[in-house]
Every structure is written in structure tokens, then in C-alpha cells.
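S.K.:
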Amino acid sequence: MSRAIIPQELCDLIVDYLHTERSALSSCALVCRAWVPASRFHLFQHVSLAE
């Protein structure tokens, strides 16, 4: 059985498309290590520090 290999650029486009869906981005980060950077970019794009 052969595995289909999806190019990383395509995976990044898919994750980028979900930039408004926080729950979907969190799920993407759990799929595989290669998806973590793109997911984190959108999840932590706006960070607010308060006392």
C-alpha cells in the first residue's frame, strides 16, 4: 500500500484558509508536526498581555 504525499505548501494553504477557525487550527496543530508552525502563526498572531 502506498501513501499519498501532500506537498507542504499545499498543507500550509489549507491551514491558512482556516485562519478564522481557532478550533480547526488547534486540531490542525495536532495532526502532524509539519502543520504546527502554520497553525501557531494564526493562533498566536495577536497576543495581548495584561496585568
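Numbering follows the UniProt record's numbering, with no gaps: position 27 of the sequence shown is 27. Backbone N, C-alpha and C fix where the C-beta goes; we use that ideal spot for every residue, glycine too.
#1: Once DSSP output is grouped into helix, strand and coil, what is the label at C28?
#2: Could you spell out the range, first to last residue, of the alpha helix (DSSP H) harbouring E9?
#3: Whole angstroms are fine: how far does the CA of W35 sit from the CA of C11?
#4: With S39 as the anchor, note down where its alpha helix (DSSP H) starts and where it stops.
#5: Roughly how many whole angstroms lie between the Cα atoms of S48 and S27?
M.R.: This is what the structure gives:
#1: helix
#2: 8–17
#3: 7 Å
#4: Annotation: the continuous alpha helix (DSSP H) that includes S39 extends over 36–43.
#5: One alpha carbon belongs to S48, the other to S27, and they sit about 22 Å apart.
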